[in-house]
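Numbering (the numbering used here), first residue to last: 36 to 577.
By construction, the Cβ of each residue, glycine as well, lies at the ideal position given by its N, Cα and C atoms.
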Amino acid sequence: MASTAVSDPLAELWKNIMSADRSDLLCFYPSKITMSGIWMGDNPMDFSLPLLLFQIILITSTTRVVAIMLSPLRLPRYIAEILSGFLLGPSVLGRLPHFSNIAFPIRSLFILESMSLLGLIYYTFTIGVEIELNTVLRAGHRSFWFAAASALPPFLVGAVTGYVAIGTDDTRRTKGQFLNSLSFPVFLGATFCSTAFSVLARNIAQLKLAGTDVGQLSISASLINDTFAWAGLTVATALAHVRYGMIPCLWTLVSGFLIVGASYLIVRPMLLRLAGRVAEGEVVTELQECSVLIGVMVAALVADAGGTHAIFGAFVFGLAVPNGPIGVAIVEKVEDFVVGTLLPLFFAMSGLRTDTSKITSMPGAVFLMAAALAAAILKVAAAVSVAGVFGMPLHDGMSIGLLLNTKGIIELVILNIGKNKKIMSDQSFTVLVFMSALITALVTPLMAMIVKPTRRLVFYKRRTIAWAQPDAEFHVLACVHLPRDVPPLLTLLDVASPSDRSPVAVQALHLIEFAGRSSAMLLINASAPSSSFEHSTHGRSQ
């Protein structure tokens, strides 16, 4: 059997795996998966499973250490994850002799990236579950105007910047290459206009804005912006297939619409019937949880086969999950493992692709950085303009604009897809990842200086225990968070009912903190009166 000699088999394997017209096949030894032991003279770094475990330990430990170091600055965790991937990449530790060959050899990148994409699939699924479309629809017209005004100008800036970039590239003068490159402006526009809902929710919680008009409008607008960014990602992915002809491009778009239609016409009714059989307070069975998790993989597989992307299918499937015990149970059990272990792998893979040595054209890099800053400034200016139209204080509009500049996982997903499909150069990818981290890092300190919420959502105004009708029942809502909260409650009851002629009704509410979870922001957003998004405050909480 004749074989072709290559200088570096691992590099050739990487080249052929990533190539669209693969023709060769290189195999690994099956005995290289698990080792016999160091006592037999085996090196753990030569075997797939020990190497994968070492990489997971290294990545998660680095992420935690960086997060602890940045905790005094009160920066979002997204910054720590980006920086940890950057440290492990070729720009910092990768410059050490043999570090990349030992810690991240080419033969291990396929397994590591597959694990990271699996975590990304389930993370986008949890984002879809936490986004309740009814909350978006009841947000009021102010939220829609804030979302539209903060999304359209940055998208136009990104599209124009991308069009100028490909128009000056002499290597893309042919018709097919130019049509394929039209996806780059859409990718860039979706990147600039995106807002990370999960990162934004944590910022709002840290800044104590969850019960303010600014926080509620920002949450609702970010949900709308996320939906718009996912739509832009789908269109850009379809345009990336133009090099294969217009028919595959159209079929990719049709596949995206079919996935959305099937999710709401077939999957959602099935999940609603499943949720109907689960009574409130009962534990979701293992079979039901497994069915939903398998459905996520099926949706991701169908979306990837259709040409969009696996994470698009997972996100749409998450949107189809109804708000109830099933969605809550799935998120609670999946989110900790995915966010704590698998998702850092995706940031590490992004860091391995971020290489400052690839920045060869300084004018092009500066132009891209200026465009990213211009998009962020326009987003703030648009929010201030909308606030002025609705008669809101201008610093409230500035606060909303700054919050909507929060970047996160969706922007990094868009950038990685663009790089994998050869739509985005290494220089553009590195610059945009850096600008994403920089803009997000600037949001928190700027908000601390600027934010001055003028109106908090107050659901009651009379704070007295005196009432006009002594025989009427006096209602008390008692919030019990810890056992030590009970004695003050008993004292309050003694003061409020000095005699038997003063009846008192007590409703005890046990509070459980959703620490660091974006779902807590949705609960606050959903429980706020629908009229709180407008100028009237007479609506009642649901």
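query: Determine, using beta carbons only, whether serine 135 and leucine 86 come nearer to each other than 8 Å.; result: no
query: State buried or exposed for serine 151, treating a residue as buried only when at least 16 other CB atoms are found within 10 Å of its CB.; result: buried
query: So what does alanine 543 bridge to, in DSSP terms?; result: Ala513
query: Counting along the chain, where does the alpha helix (DSSP H) carrying histidine 133 start and finish?; result: No alpha helix (DSSP H) holds histidine 133; DSSP gives it neither H nor E.
query: Is serine 434 closer than 8 Å to valine 249 when the C-beta atoms are compared?; result: yes
query: Taking the Cβ atom as the reference point for each residue, do alanine 410 and isoleucine 117 lie within a distance shorter than 8 Å?; result: no
query: Does glycine 353 come out as helix, strand or coil in the three-state DSSP assignment?; result: helix
query: Please report how far the alpha carbon of threonine 320 lies from the alpha carbon of leucine 258, in whole angstroms.; result: 30 Å
query: Grouping DSSP H, G and I as helix and E and B as strand, with all else coil, what is histidine 344?; result: coil
query: Alpha carbon to alpha carbon, how far is alanine 264 from threonine 161?; result: 17 Å
query: Between phenylalanine 372 and leucine 378, what straight-line distance do the alpha-carbon atoms span, to the nearest angstrom?; result: 9 Å
query: Please state whether DSSP places alanine 40 in a helix, a strand or coil.; result: Annotation note: pLDDT 46 at alanine 40 (below 50); position unreliable, coordinate value reported separately. Of the three classes helix, strand and coil, the one that applies to alanine 40 here is coil, per DSSP.
query: Would the stretch 355 to 372 and the stretch 93 to 102 be scored as touching if the rule is three or more Cβ pairs under 8 Å?; result: no
query: Look at phenylalanine 256 and phenylalanine 350 and say whether their C-beta atoms are less than 8 Å apart.; result: Sequence inspection shows alanine at residue 256; the phenylalanine mentioned does not correspond to that position. No. Outside cutoff.
query: By alpha-carbon positions, which one of Gly423, Ile452, Pro522 and Thr389 ends up nearest to arginine 130?; result: Thr389
query: My output table needs one value for arginine 519: the three-state DSSP class, helix, strand or coil.; result: helix
query: Can you tell me the Cα-Cα spacing of glycine 426 and glycine 175, whole angstroms?; result: 15 Å
query: Where do the N-terminal and C-terminal ends of the alpha helix (DSSP H) with proline 304 fall, by residue?; result: 303 to 311
query: Could you compute how far the alpha carbon of glutamate 165 sits from the alpha carbon of phenylalanine 121?; result: 29 Å
query: For methionine 384, which residues in the same chain have their Cβ closer than 7 Å to its Cβ, ignoring the five residues on either side in sequence?; result: Leu147, Glu148 and Ser151
query: My assumption, with CB atoms under 8 Å, is that leucine 467 sits in contact with threonine 226. Please give the rounded CB distance.; result: 6 Å
query: Secondary structure at leucine 377, three-state DSSP: helix, strand or coil?; result: helix
query: In angstroms, rounded to a whole number, what distance separates the CA positions of isoleucine 445 and glycine 375?; result: 17 Å
query: Roughly how many angstroms lie between the CA atoms of leucine 128 and glycine 386, to the nearest whole one?; result: 11 Å
query: Under three-state DSSP, which class holds valine 319?; result: coil
query: Quick check: what's the CA-CA separation for glycine 436 versus isoleucine 254?; result: 12 Å
query: CA-CA distance, arginine 397 and leucine 191?; result: Note that residue 397 corresponds to methionine in the displayed sequence, not to arginine. When rounded, the distance between both Cα atoms is 23 Å.
query: Give the DSSP-derived three-state secondary structure of phenylalanine 568 in the structure shown.; result: The predicted position of phenylalanine 568 is uncertain, since its pLDDT is 42 and thus under 50; a value taken from the coordinates is nonetheless stated next. Phenylalanine 568 falls in the helix class under three-state DSSP.
query: Alpha carbon to alpha carbon, how far is valine 415 from glycine 432?; result: 8 Å
query: Of all the options Val337, Gly280, Arg308 and Phe219, which has the alpha carbon lying nearest to the alpha carbon of leucine 293?; result: Val337
query: Please report the straight-line C-alpha distance between alanine 543 and arginine 519, rounded to a whole angstrom.; result: 14 Å
query: Can you tell me whether DSSP reads serine 119 as helix, strand or coil?; result: helix
query: How far does the alpha helix (DSSP H) with valine 127 in it reach, from first residue to last?; result: Neither: valine 127 is in no alpha helix (DSSP H) and is coded neither H nor E.
query: Going by beta carbon distance, what residues of the same chain come within less than 7 Å of tyrosine 299, once the five residues before and after it are set aside?; result: Ala355
query: Given that a residue counts as buried once 16 or more other Cβ atoms are within 10 Å of its Cβ, and exposed if not, what is asparagine 260?; result: buried
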